[in-house]
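Enquirer: One structure follows; several queries about it will come next.
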Amino acid sequence: MVRGVLAIDGEKMASHAGGQDWLVSWHPPGDEPTGHPHGASGVCVAGAHLVLISHDGVHWGFPGGRPEEGETFEETLRREVWEEACVKVVSARLLGFVRSQCVAGHELGLVLVRSIWRAEVEVRPWRPEFEVAHRRIVPASEAAAHVCDPDEASGRITHRALAEAGLRGSA
1 MVRGVLAIDG EKMASHAGGQ DWLVSWHPPG DEPTGHPHGA SGVCVAGAHL
51 VLISHDGVHW GFPGGRPEEG ETFEETLRRE VWEEACVKVV SARLLGFVRS
101 QCVAGHELGL VLVRSIWRAE VEVRPWRPEF EVAHRRIVPA SEAAAHVCDP
151 DEASGRITHR ALAEAGLRGS A
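According to UniProt numbering, the sequence shown holds residues 1 to 171 in order.
See the structure below:
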């Protein structure tokens, strides 16, 4: 992946996850795409630092997850970043949405929509209790150098989120 290449509004990019093929695209805040609400992720900023998580210690990204019954996108953000990264959201600003459409695999035709936020957070003691094994706190000015995505489409979405959050970094 070429670091720093941004996703373009509505551009469909190929991705492979969970043994399935997907088309993913970025949509700005005023253009919520249709699809099944699939949660929220946060570009979590604590002062001059960015909070990243990893399941495997190799791929680093933003904390987030799926909604519970009746939750709004923002409620999901607040709960999930607490569970995954042990950070408390002080304030949040919607950056955009990611639309994912399954084009091959057992969920063929499924369309998922995830909200992406910039969250100002308070970092709390690290107590991994869920599926996330690693947390890293890095200088926000170096954000682009620390994120590591599994494929090019995910990387372009990540770099768009960093740009929308004002954290393009120096990578």
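From the three backbone atoms N, C-alpha and C, an ideal C-beta is built for every residue, glycine too.
It should be emphasised that the depicted structure is a prediction, and the values quoted were computed from it without experimental measurement.
For residue 73, which of helix, strand or coil comes out of DSSP?
Expert: Note: residue 73 maps to helix in three-state DSSP.
Enquirer: Could you spell out the range, first to last residue, of the beta strand (DSSP E) harbouring residue 40?
Expert: Taken as a continuous stretch (DSSP letters only), the beta strand (DSSP E) holding residue 40 covers 36-46.
Enquirer: Please state the DSSP three-state secondary structure of residue 145.
Expert: Helix at residue 145.
Enquirer: Would you tell me roughly how many angstroms separate the C-alpha atoms of residue 107 and residue 41, rounded to the nearest one?
Expert: If I take the Cα positions, the gap works out to 22 Å.
Enquirer: How many Å lie between residue 171 and residue 143 at the Cα?
Expert: Reliability fails at residue 171, whose pLDDT of 42 lies under 50, so the model's placement of it is uncertain and no value is given.
Enquirer: Does residue 157 come out as helix, strand or coil in the three-state DSSP assignment?
Expert: If DSSP states are grouped into helix, strand and coil, residue 157 belongs with the helices.
Enquirer: Touch check for the segment 22-42 and the segment 91-102: three-plus C-beta pairs under 8 Å?
Expert: Yes, since at least three Cβ pairs between the segment 22-42 and the segment 91-102 fall closer than 8 Å, the two stretches touch.
Enquirer: Evaluate contact between the segment 62-79 and the segment 3-23, counting only Cβ atoms and requiring at least three cross-stretch pairs below 8 Å.
Expert: No: fewer than three Cβ pairs fall under 8 Å.
Enquirer: Counting Cβ pairs closer than 8 Å, one from the segment 122-132 and one from the segment 144-153, do we hit at least three?
Expert: Result no; under three Cβ-Cβ pairs closer than 8 Å.
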